[in-house]
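Number of protein chains: 2
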Amino acid sequence: MSLIVMKFGGSSVGDAERMKRVARRIVERKQAGHSCVVVVSAMGDTTDELIDLSKQIYDGAPPAREMDMLLTTGEQVSVALLSMAIHSLGEKAVSYTGWQSGIFTEELHGKARITDIQPHRVLNAIEQGNVVIVAGFQGMTESGEITTLGRGGSDTTAVALAAAIKADLCEIYTDVDGVYSTDPRIVKVARKLNEISYDEMLELANLGAAVLHPRAVEYAKNYNVTLVVRSSFTNNEGTNVKEEAVMEQGIVVRGIAYDKNVARISILGVPEKPGQLAKVFTSLADVQIDVDIIVQSGVTNGSADFSFTTTLEDKAKALDVLEQLRGEVGFREVTSEVNLVKVSIVGAGMVSTPGVAATMFKVISDLGITISMVSTSEIKVSCVIDGTHLQDVIRALHTAYGLDTTSQVFVGGPQDRR
Amino acid sequence: MSLIVMKFGGSSVGDAERMKRVARRIVERKQAGHSCVVVVSAMGDTTDELIDLSKQIYDGAPPAREMDMLLTTGEQVSVALLSMAIHSLGEKAVSYTGWQSGIFTEELHGKARITDIQPHRVLNAIEQGNVVIVAGFQGMTESGEITTLGRGGSDTTAVALAAAIKADLCEIYTDVDGVYSTDPRIVKVARKLNEISYDEMLELANLGAAVLHPRAVEYAKNYNVTLVVRSSFTNNEGTNVKEEAVMEQGIVVRGIAYDKNVARISILGVPEKPGQLAKVFTSLADVQIDVDIIVQSGVTNGSADFSFTTTLEDKAKALDVLEQLRGEVGFREVTSEVNLVKVSIVGAGMVSTPGVAATMFKVISDLGITISMVSTSEIKVSCVIDGTHLQDVIRALHTAYGLDTTSQVFVGGPQDRR
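Order-wise, the sequence lines are chains A and B.
Plus 1327 on top of the position in the first sequence (first one is 1) and you've got my numbering.
Plus 1327 on top of the position in the second sequence (first one is 1) and you've got my numbering.
Now the structure itself:
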């Protein structure tokens, strides 16, 4: 008898048949004696269709407040239909919008953060034996405005709600079996991880693993919510995401992520004066350009070269900004490069294991590939390389870090078994 | 400088182009110096599409609460898009759902009545110079449940809101120029009425004139809201609906309505015992069958014949109920008839003008047509006749009551010019 939050994404409820299948899955859980709160996204392409509608009406970016008003209908349709599907299986269910579920957010449209959850309605409905279906991705401000949580919003709703109602478990249902050591489409022997720590998951999510949104992982870490990522199509055990994951023998790298959405911009011949670099990156930040890795390649004759990465979408805007700064900063030349990829290894064991990064550099250079940029944190190393080598590099790293093993050997370790 | 409520139905906002046209219309009003609150329905076929979706999920009638949750998204989409369309014309606008507008209803799903309106958000937004766009057809219960107002709900929202904010005028935009003396598709010389009283409008609406919902008219009458029915396609003056309409010389009949959705059921040879009739009609009411006209045709040899009308949809259910009562009530036979039509004349002047009903009967019998049933109130007379004669009868009545005149002559009369 436990209290479970189950989250289903848009593709899991993409049409009536899928909706019914999800309903059966929920009813199984309920009939096994669990109390279920279900968070659901908009059906399949609904959000895109609503965005298309808005484009027919408004040239450019529509007012964010009205966009939230529009888009939140998508999840409202989902919760109503999923509740009906559960009713048709003979179980009691009740659907709630974000505001009905007591999900409060900051006064910001399009990507509001949750500030508070007052879950009394959800809890009352659970006590009365209902399956409670909550619209993901949405909330309400103190002043009664409807807001959306932005990308990954439904994951965040699920985790935040799990924290607020003190759920025993938050299950994120997806179209894969769980979190993999790397992309199974690239490495056939990639394996599903049984456990992963919040920090590792956070790095993987930030580095391009789409299975869970970083904000949701961060929330789960902050509120110690036990997460499970599992398939909505199979009954296989998923991947547990928790405070401290069990370490496997000799495995310091938990997973390998990659990100193809990388553009590199180099600024050559920047006069060595204080504040020049700050000027450049402040100007980029002012127009919301997300800068990832920054590398300075050394000073020659009183001028330096810098490189940074950004997304492919932001490349043109970044080049514009730099062009406008040319006179003020006085650099010689700006170049840009695409067709790159950022490959990252992630593992909490790295911090105590010397030579992990060195192994990565050696594996890549043994393949005759040049590393353009490097970035590290305590639990990850990222290298930017030419995109054509992506598959070779990932396969070689997967093998080098012992991730190809198909049988898993566990050793003891600090565990958090709430 | 006045405060106007403008209501647009689903066909007026059926697609992006129509939405933009409605937006221009609103902005014209606004720029002419009026404060505008706009009530809007779901776009075109949206509601039907949502109902179809629910049918794919739920066999039979889905839980009414979840149906309300589903259907209210239709208007929410409309208000968001209409607000965007107004923004794109450079005016400030803000959209609100029913609950955000402070529209409270009884605790009933599918056809809740409005119990209270707390319009402070609407009024604040108006004060700040916004056009306020309110989702029609929906409200919220005291306990925070989302409800719908049932058929004609958006008309009711508009009128109730107009009353609550003390609007100077409530404009109902539709696809015709106003209220007509009868259906212009049948009588070419049918004319648009400049004015009509609440009571007359109420009868006409109840008798099948689809232009305004009876509930909205009743609300307007109770709260003395000046209504105008006008076209969303032209700038023609519409029809004013108000307490006491100006009387035209010699015109006692204001309009002629008809209803094809009529089935007649006759119960023959009912033993003349007290309470038999009550038993029949109580049983019909118990299963929500709407009975309209009831006629008893006299007693012969201690048994009587009764006839009543109901809708075509309810006919089979009514016959079932009667079959089950046969033993208990002991009647001889039940017969039913379709292909009927109810033709009604409406006019507040009738009450003080003798012979109005007699003229109707004479016109119909002069055409060689039998009247099956008659029903009267102070301001209307209805006759049920064979449906094949509908057009002839309406044309003849339209002429007989002097409605064919194309120039209108007004005489003085009590007026309500708030």
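Backbone N, C-alpha and C define an ideal beta-carbon position, used for all residues, glycine too.
For chain A, check one thing: does any of its Cβ atoms lie closer than 8 angstroms to the Cβ of residue i?
i: K1707(B); result: no
i: H1414(B); result: yes
i: L1554(B); result: no
i: L1765(B); result: Any question about residue 1765(B) goes unanswered here, given that chain B covers just 1328 to 1745.
i: G1337(B); result: no
i: L1380(B); result: yes
i: M1411(B); result: yes
i: M1396(B); result: yes
Short check: CB of residue i to CB of residue j, under 8 angstroms?
i: L1416(B); j: A1439(B); result: no
i: D1495(B); j: I1331(B); result: yes
i: I1620(B); j: T1636(B); result: yes
i: C1710(B); j: V1670(B); result: yes
i: V1365(A); j: F1335(A); result: yes
i: L1652(A); j: K1606(A); result: yes
i: K1493(A); j: G1456(A); result: no
i: L1649(A); j: I1594(A); result: yes
i: W1426(B); j: G1479(B); result: no
i: T1452(A); j: V1461(A); result: The sequence given here has Ala at residue 1452(A), not Thr. It is not a contact, given that the beta carbons lie outside the stated cut-off.
i: A1487(A); j: I1444(A); result: yes
i: K1519(B); j: D1504(B); result: yes
i: V1514(B); j: I1721(B); result: yes
Could one say the Cβ of residue i lies closer than 8 angstroms to chain B's Cβ atoms, at least one of them?
i: E1393(A); result: yes
i: Y1385(A); result: yes
i: Q1465(A); result: no
i: G1471(A); result: yes
i: P1390(A); result: yes
i: D1743(A); result: For D1743(A), the predicted model reports a pLDDT of 27, less than 50, meaning its position is unreliable and no value from the coordinates is stated.
i: S1524(A); result: no
Excluding five sequence neighbours on each side, which residues of the same chain lie with their C-beta closer than 7 angstroms to the C-beta of residue i?
i: L1539(B); result: D1482, I1499, M1528, A1532 and V1556
i: S1329(A); result: H1361, D1495 and L1496
i: R1351(A); result: L1416
i: T1686(A); result: A1727
i: H1447(B); result: G1429
i: M1346(B); result: V1340, L1408, L1409 and A1412
i: V1381(B); result: Checking the sequence, you will find Ser at residue 1381(B) rather than Val. Counting only Cβ-Cβ distances below 7 angstroms, and skipping sequence neighbours, we find P1389, M1394 and L1397.
i: I1523(B); result: V1506, T1566, V1568, A1572 and R1581
CB-CB under 8 angstroms to residue i, same chain, minus the five flanking residues each way: which ones, in chain order?
i: D1641(A); result: A1590, I1616 and D1617
i: D1693(B); result: A1723
i: L1534(A); result: A1584, Y1585, D1586, K1669, S1671, V1673, K1707 and S1709
i: I1698(A); result: F1688, I1691, S1692, C1710, V1711 and I1712
i: A1517(A); result: Y1507, S1508, T1509, D1510, P1511, H1725 and L1730
Check for me: the alpha helix (DSSP H) holding residue i runs from which residue to which?
i: N1533(B); result: Y1525 to N1533
i: L1667(A); result: That residue, L1667(A), is in no alpha helix (DSSP H); its beta strand (DSSP E) goes L1667 to V1673.
i: A1684(A); result: V1683 to D1693
i: P1346(A); result: One point to set straight first is that residue 1346(A) is Met, not Pro, in the sequence displayed. Segment A1343 to Q1358, the alpha helix (DSSP H) holding M1346(A).
i: L1380(B); result: T1373 to I1384
i: G1480(B); result: G1480 to A1491
i: E1650(A); result: K1642 to V1656
List the residues of chain D that residue i touches, going by C-beta distances under 9 angstroms, in chain order.
i: T1400(A); result: The structure shown contains no chain D; the protein chains it does contain are A and B.
Sorted by chain position, which residues of the same chain lie with C-beta nearer than 6 angstroms to residue i's C-beta, five sequence neighbours on each side aside?
i: A1369(B); result: G1337, G1401, E1402 and S1405
i: Q1603(A); result: V1597 and V1656
i: V1683(A); result: V1579 and M1677
i: R1392(B); result: H1436
Would you check whether the ligand HEM has a heavy atom nearer than 7 angstroms to the C-beta of residue i?
i: G1505(B); result: The model depicted lacks the ligand HEM and carries no ligand whatsoever.
Which residue comes first and which comes last in the beta strand (DSSP E) that contains residue i?
i: P1598(B); result: A1590 to P1598
i: E1660(A); result: E1660 to E1664
i: L1724(A); result: Note, L1724(A): premise wrong, no beta strand (DSSP E); alpha helix (DSSP H) at L1717 to A1727.
i: N1567(A); result: T1566 to K1569
Open item on the list: Output needed in chain order: residues of the segment 1342-1359 of chain B with a Cβ under 9 angstroms from some Cβ in chain A.
Closed with: D1342, A1343, E1344, M1346, K1347 and A1350
TODO: Please name the residues in the segment 1500-1514 of chain B whose beta-carbon is closer than 9 angstroms to at least one beta-carbon of chain A, in chain order.
DONE: none
Task: Interfacial residues, the segment 1415-1427 of chain B to chain A, with Cβ spacing under 9 angstroms - done: S1415, A1420, V1421, S1422, Y1423, T1424, W1426 and Q1427
Open item on the list: If the cut-off is 9 angstroms on Cβ atoms, which residues from the segment 1622-1651 of chain A count as contacting chain B, listed in chain order?
Closed with: none
Task: Contact residues within the segment 1675-1708 of chain B, judged by C-beta distance below 9 angstroms to chain A - done: none
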